[in-house]
Amino acid sequence: MELAHFQVLSAALFAIGMYGVLARRSAVLILMSIELMLNAVNINLIGFAAFVDFTDPQRALGQVIVIFVITIAAAELALAMAIILRLYRNRSSVNVDELDLMKW
Amino acid sequence: MISASLVLFYIAGALTLSGALAVVLTRNIVYAAFALLVSLVGVAGIFLLAFAEFLALVQVLIYGGAIVIVILFALMLTRIEDFRDLSDNPQWPAAAVISLGVLGLLAAAIVGTSVRTTERQGVEFEMLGDTLFTQWAVPFEVASLVLLVALIGAIVLVRTSGGRD
C-alpha cells in the first residue's frame, strides 16, 4: 500500500461529490455531496500523515487538522439543516433551482 | 504478491466509492442517506488502514451516528413523500464533464508529483493529544466556540413559537 492509493481514492471521492453538488436538485442531497467532498479531503490528509517522512512533533498535524475538519463539518451540517427546514416551511420546496429570489 | 492490508484497502475503497456513487445517483433520498452511511463507514476503514484509530472511532461516532441521523431527522420533519422521486438538474451532463475533468486534473497532479514517503506509520494517542492540547489549544477552543454558535444559530433558525413570525 502506498500514498498513491490514498490519493487516487481521495480524488475519485472528491470528483463524485463534485458531480453530486453540481447535478443534484435537492438541497439535502447537495449537502450530502459536500460531506463526501470533505471526507475525500480527510482521506488525503490522513494518507499524507501516515506516509510522509515528517519529524516527530509534526507527524500528528495531519490528524489534528482532520479533527478540525470534522468539527466544522458538523457545525455546517447543523446550520444547513436548520436553513433547509426553514426553507421548506416558507416555500414548501427544497429544490435549489426554484430558489431564485436573488436572481435578476 | 498482494498483501492483506492492500486487499482490505481495496474492500474499504470499493465500499466508499460505491456508497458515494449511490448517493449521487439514486432517486430515493432515504436510500441516499443510507448509502452515505455506507460510504462514511468505508472511510473509517481507510482511516484504520492508515493507523488513525482515534479518527476512525470519531468518524463512526460523528459521521455514522450524528450526521446521518440529523439528515434522516430533517427528512422526517419535512414531508418525505416529496423526496421520493428525485430528478437531477438539466445541467447534469456538464456536471459529469466538469467532475471528470477535475478527476483527470487531480490524477495528473498525483502522477506528476513525487513525495518522499516512508513506511506506513501511525500517530500515538499521546502524541496526538499532546499536539492538539498544546500547539493547537487555541484553535481547538475556537472550534468549540464555532460549534456552540452554530448550534444556537440552528435552534434560533428553526424555532417558531414566541418569535416574530
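Chains as they are written, first to last, in our numbering: chain G, -11 to 92; chain Z, 32 to 196. Here a beta-carbon is modelled for each residue, glycine too, at the ideal position from N, C-alpha and C.
Query                                                                                                                                                             : Result
Under 8 Å Cβ to Cβ from Arg147 of chain Z, same chain only, skipping five residues before and after it: list those, please.                                       : none
Under 8 Å between the Cβ atoms of Phe82 of chain Z and Gln166 of chain Z?                                                                                         : no
Could you check how far apart the C-beta atoms of Tyr12 of chain G and Ile18 of chain G are, in whole angstroms? I think they sit under 8 Å.                      : Tyr is not the amino acid found at residue 12 of chain G; the sequence shown has Arg there. Right, their Cβ atoms sit about 5 Å apart.
How about the stretch 39 to 49 of chain G and the stretch 82 to 92 of chain Z: do they share at least three Cβ pairs that are nearer than 8 Å?                    : no
Report the rounded CA-to-CA distance for Ala181 of chain Z versus Ile98 of chain Z, giving the unit in angstroms.                                                 : 14 Å
Taking Cβ-Cβ distances shorter than 8 Å, what residues in chain Z pair up with Glu(-10) of chain G?                                                               : Thr148
If we count Cβ pairs, one from each stretch, closer than 8 Å, do we get three or more for the stretch 54 to 63 of chain Z versus the stretch 32 to 40 of chain Z? : no
Taking C-beta to C-beta, are Ile62 of chain G and Ile93 of chain Z nearer than 8 Å?                                                                               : A small fix is needed here, since residue 62 of chain G is Ala in this sequence, not Ile. Against a cut-off of 8 Å, the Cβ pair of Ile93 of chain Z and Ala62 of chain G comes out as a contact.
List the endpoints of the continuous alpha helix (DSSP H) containing Asp41 of chain G.                                                                            : First-last for Asp41 of chain G: undefined, no H or E at that position.
For Val91 of chain Z and Met107 of chain Z, I'd like the C-alpha separation in whole angstroms.                                                                   : 22 Å
Between the alpha carbons of Asp88 of chain G and Ser81 of chain G, how many angstroms are there, rounded?                                                        : 12 Å
Would you say Glu23 of chain G reaches chain Z, if we count a Cβ-Cβ gap shorter than 8 Å as a contact?                                                            : yes
Against chain G, which members of the stretch 117 to 137 of chain Z pass a CB distance test of less than 8 Å?                                                     : Leu117, Ser118, Asp119, Asn120, Gln122, Trp123, Ala125, Ala126, Ala127, Ile129, Ser130, Leu131, Val133, Leu134 and Leu137
Closer than 9 Å, Cβ to any Cβ of chain G: which residues of the stretch 86 to 97 of chain Z, in chain order?                                                      : Leu86, Val89, Gln90, Ile93, Tyr94 and Ala97
Quick check: Leu103 of chain Z and Arg74 of chain G, are their CB atoms within less than 8 Å of each other?                                                       : no
Name the chain A residues whose beta carbon is nearer than 9 Å to that of Val16 of chain G?                                                                       : Structure shown: chain A not included; protein chains present are G and Z.
Rounded C-beta distance between Leu24 of chain G and Val54 of chain Z? I'm assuming under 8 Å.                                                                    : 6 Å
Within its chain, find whatever has a CB closer than 7 Å to the CB of Val84 of chain G; leave out the 5 residues flanking it on each side and keep chain order.   : Arg13, Ala15 and Ile18
Does Ile183 of chain Z have its Cβ less than 8 Å from a Cβ in chain G?                                                                                            : no
Using a Cβ cut-off of 7 Å, pull out every chain Z residue sitting near Leu87 of chain G, in sequence order please.                                                : Ordered by position in chain Z, no residue passes the 7 Å Cβ test against Leu87 of chain G, which lies about 13 Å from the chain.
Assuming contact is defined by CB atoms lying nearer than 8 Å, are Tyr7 of chain G and Ala138 of chain Z in contact in what I supplied?                           : no
Under a three-way DSSP split, which group does Asn83 of chain G fall into?                                                                                        : strand
Grab the span of the alpha helix (DSSP H) containing Ala64 of chain Z for me, first residue to last.                                                              : Ile60 to Leu80
Look at the Cβ atom of Leu48 of chain Z, then the Cβ atom of Val72 of chain Z, and state whether they are nearer than 8 Å.                                        : no
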